[in-house]
Structure formats: C-alpha cells, structure tokens
Amino acid sequence: MRGRPLLDNSFCLILTLWMLANEKETYRQTGERFGISESTAFRVFKSTISSISNLEEKYIVWPTGLAAQRNINGFHNLRKVPFPGAFCVVDCSHIRINGSLSDNSYLNRNHYHSVIIQGICDFEGKFINVFVGYPGSSHDAAVWVNSPVHKQLMQNHYEVIPPNCFILGDSAYPLSEFLMKPYRDNGHLELHQKKFNTILSSSRVVIEQAFGSLKGRFRRLKGIETLCVEAVSKTVIAACIIHNMCSDSDQDFEVDDLADDSFFNLEAEEHSNSQTTRASDALAIRDSIAKNL
C-alpha cells in the first residue's frame, strides 16, 4: 500500500524535547533544523505532546502503601528538624500565554496573561498531582478548593493521606485538618509560632525547587504562544511527566524510555457549621504541632 512514510517515534520525541527546551524556537526554525516543513514540525510537536500527556496516570502518581510510607520517611529525613507528618507540598505557578488587552480574565497581578498550574510534589520534587487551566487572575486558594484532589480530601482525607499527615502550603492556602500553612506574621508571633513557620517553610521549599527545575529544563513553559488553554494544559502535563522520569533516574532519560511504547505515528508531510468546626480543629492541630516542636 503506497503512502507517505511514517516518522520514527524517536525523531518525534527529540524534536519535541528540543522545542520544550527552547523558549523562543519557532516551528519554522525547528522544521529547518530537522529537515521537515513548518507545518509538519507543528503537527509532530502537537501530536507528541498529546500522546505523552495521555500517560499522566502512569507517571504522575499519588503515593499509596509502601510508596506513601517511603515519602513520609523521605520528608522526615529531608531536614535536620523535619516538619512532623509532612506528606507532600503544594503551590501554584504561572505559565505565560498570549492574550488580548480587552480580556482581563487571564491577566494576573504581574500584568501579563497566564494560565495557572497547581502542582503537588513529594520529598524528591516529583509531581504527584498536577491541575492546570485556571486563569491567571485566580487566587491560589480558589484554584485549590476547586481542584479534584481537594474535593477528594473533603470527602474523606484519610483515604488520600495517612492519619497524622499533612499537605504543606504557603500563606495563600486555607488552613484545614489536612493542610498546614504558616501563622500570619503580625509582628507579635510567639517563639514557638516563629519556629513552626521556619520548619514548615524549610520543607515546603521542595515545591519551589520542583517548579524551578521544571521551567529550567523546559524553558518553553516560561511562555507558550497560544490562546488555547487545552494546548497549554497538555504541554505542561507532558513536561511534568518527563520531569518525573528524569527524577526517577536522577538523570536525563533516553528517548527510548518513551519511544518504546510506540504510542503515536505521524506522516512525514502535513461555608457551613461543619466547616466552622473543621476550621477550629485545624487551628488546634496547628497550635499543638507548634508547641511540640
């Protein structure tokens, strides 16, 4: 059967990795570099990103069982004075996108258009949960309470994190029985409260380092020239998957790690009472931890 030849999986992955690693590389430049047309470069990148992002459930995994215990031990050994019960850390980051000055929904507080990525990572800086798509104008707390993982936690947090364990967040997040945040520094914090803040921050910095590593390795995430939120979401998830693979091996992976799956082929051309009770419980839990550090 006659037809146009299929591009090799490894070729497609190398081209995609090149584009992810270079913020300003255009499809035309990439096409010239790899000996294909601009339109083919676009299709290769788009299709490969989509295929990789479909592997999210395989490579972005919430730790359970022995993996959960390993993660708890990892946070415990991460610092000389660990935060008791640290299980994972959460934060948000902004992905710059194209935008119209007439549309303020994606205009963030730094006055550029962006899409928010909420990431949760383990003690090694691997992403165990990623939620992408909220407009840059949204507050981190709003993204958090509307994320699927928060809804699962609200139903029964013991099914998501082990007893006496916590997700660590910064001051933007709402305090709860399963999420610890720093005390607000009003200039009158007691010594044990200041110590609590210091120890929490020393463990929480892992997520900031994870985002730094992600955007350092995949510089295209510093600015994606598109108005399509779905395309941004798939690109971010694909980058997080590759980030996790690199973290697993503690080095950059070989393209065969993904190419062996043969997952694509391309042609060469073309507020209630219960909430009040929970808030009181969360305050008591935080105070108890702070006084026992």
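Under the numbering used here, the first residue of the sequence shown is numbered 138, with each subsequent residue one higher.
Backbone N, C-alpha and C define an ideal beta-carbon position, used for all residues, glycine too.
So the candidates are Ala419, Ile253, Ser275, Ser308; which of them puts its Cα closest to the Cα of Asn323? Ser308
Is the beta carbon of Gln346 less than 7 Å from the beta carbon of Gly270? no
With DSSP collapsed to three states, give me the class of Arg233. strand
Less than 7 Å between the C-beta atoms of Arg216 and Ser384, yes or no? no
Between which residues of its own chain and Lys211 is the CB-CB distance below 8 Å, once the five residues before and five after are set aside? Checking the sequence, you will find Gly at residue 211 rather than Lys. Excluding positions up to five away in sequence, the list reads Asp259, Phe260, Glu261.
Own chain partners of Met134 with C-beta closer than 7 Å, once the 5 adjacent residues on each side are dropped: For residue 134 there is no data in the structure shown, the boundaries of the chain being 138 and 430.
Within this structure, are the beta carbons of Cys302 and Phe224 separated by less than 7 Å? yes
Taking DSSP as the reference, what is the three-state secondary structure of Ala223? strand
Use the C-beta contact count for His325: other C-beta atoms within 10 angstroms, 16 or more gives buried, fewer gives exposed. exposed
Assign Arg180 to one of two classes, buried (16 or more other C-beta atoms within 10 Å of its C-beta) or exposed (fewer than that). buried
Would you list, in sequence order, the uninterrupted beta strand (DSSP E) runs of no fewer than 3 residues that lie entirely inside the region 317-387? none
Quick one: is Thr372 buried, meaning 16 or more other Cβ sit within 10 Å of its Cβ, or exposed? buried
Helix, strand or coil at His250 according to DSSP, with G and I counted as helix: strand
Own chain partners of Phe315 with C-beta closer than 7 Å, once the 5 adjacent residues on each side are dropped: Leu290, His294, Ile298, Phe303, Ile304
Under the DSSP definition of a beta bridge, which residues are partnered with Leu244? His250
According to DSSP, is Leu430 part of a helix, a strand, or is it coil? coil
With DSSP as the reference, label Phe303 as helix, strand or coil. strand
Report yes if the CB atom of Val227 is closer than 7 Å to the CB atom of Ile336, and no otherwise. no
Determine the burial state of Lys359: buried for a count of at least 16 other Cβ atoms within 10 Å of its Cβ, exposed for fewer. exposed
Could you tell me the distance, in whole angstroms, from the CA atom of Leu328 to the CA atom of Ser370? 43 Å
Should Pro332 and Leu420 be called a contact, given that it needs their Cβ atoms to be closer than 7 Å? Here residue 332 is Lys; the residue named in the question, Pro, does not match the sequence. No, the pair does not count as a contact, with Cβ atoms beyond the cut-off.
Boundaries of the alpha helix (DSSP H) in which Asn208 is found, first to last residue: 202-213
Does Pro285 come out as helix, strand or coil in the three-state DSSP assignment? helix
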